[in-house]
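Working notes, beginning with the structure itself.
Given below as structure tokens:
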């Protein structure tokens, strides 16, 4: 693995999600922390005196920086991605790529044309049990897929607290469609290949003049004709529940968690109805990270450092396209 000097751009999730993972990878050396409000936080300043602090993201494009990591709103992200086309820095960024599918398509086309090494943080595609599930599907250990269901009920801090920000405004890249459904569409393609939406419906709520989708239901179909149903909804009480059920010719898989954390405590149950064998696998949580999403960022960054690196960009772009058809 090559050593890389890193610039981390963002504040909230950059510090809670990315920073702990970067600190635990010896091949990554954090050189710059960048946020427009970085000098207002005494805690950040006191804890990172040996790291250059910047408020202007253009100043992270220094010759000694090898990798730039973005955890910023989509509107800012697309600006930085376009700016990087002339520098060709290695770059990792968040979903959605932008707040407009055409902008997303154009920037990804340019990134590929200029052969810029890049990736997108799609939490579940790096999760050990999601990878295990994909391998079972690809090797047809339980035969062909008949149908599948996804049920994900979750708490959204911004919607709970009625915070008016890009995270709750759909046309700015927020809302449950862009933040949560993108994840589901991404791992559905990861599991089942290209899919298309055959039907959808949603329920609208309102606060502070914002109409937002509180519940989304979709029916989808992959190229082999397997059908699936997706149901997402934001709830006000309790912990998040995430359950994927896949029915095969020879059995069934259930992949699920019920936890405060998005990625911790997943369980994979495999049932072969022909051999009558049952198997349960529990996910291994990296105890060094408080936020489970840092576990998956850690894995993604380790993979990114390898010469043979497979990017998740196309999964995200295809998910954004499906999202754009839900109006």
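In my numbering, the protein residues as written are 7 to 333.
Beta carbons are placed, not taken as given, at the ideal position from N, Cα and C, and that holds for glycine.
Predicted, not measured: the structure shown is a model, and the values here were computed from it.
- Assignment of beta strand (DSSP E) within the stretch 235-272, counting only whole runs of 3 or more residues, yields 246-254 and 257-265 in chain order.
- For residue 27, the enclosing alpha helix (DSSP H) begins and ends at 25-29.
- When DSSP reads this structure, residue 208 sits in a beta bridge with 222.
- Here DSSP, grouped into helix, strand and coil, assigns residue 279 to coil.
- Under the 8 angstroms Cβ criterion, the stretch 21-39 counts as touching the stretch 277-297, having at least three qualifying pairs.
- Closest option to residue 182, judged by alpha-carbon separation, among 158, 87, 200 and 119: 158.
- Under the 10 Å beta carbon count, residue 286 is surrounded by fewer than 16 other beta carbons and is classified as exposed.
- The C-alpha of residue 268 lies about 7 angstroms from the C-alpha of residue 246.
- For residue 173, no beta strand (DSSP E) encloses it, and the DSSP letter there is neither H nor E.
- Here residue 124 is bridged, per DSSP, to 97.
- Setting aside the 5 residues that flank it on each side, residue 170 is surrounded in the same chain by 214, each with a C-beta closer than 6 angstroms to its C-beta; the list follows chain order.
- Residue range 319-330 is occupied by the alpha helix (DSSP H) that includes residue 323, with no beta strand (DSSP E) assigned at that position.
- Annotation for residue 196: the continuous alpha helix (DSSP H) segment containing it runs 188-198.
- Here DSSP, grouped into helix, strand and coil, assigns residue 182 to helix.
- For residue 300, the enclosing alpha helix (DSSP H) has its first and last residue at 298-310.
- Residue 217 is bridged by DSSP to 212.
- When only Cα atoms are considered, residue 319 and residue 125 end up about 6 angstroms apart.
- Residue 149 is classed as exposed because its beta carbon has fewer than 16 other beta carbons within 10 Å across all chains shown.
- Nearest neighbour of residue 166 by Cα position, chosen from 244, 278 and 26, turns out to be 244.
- The closest CA to that of residue 14, considering only 31, 271 and 41, is found on 41.
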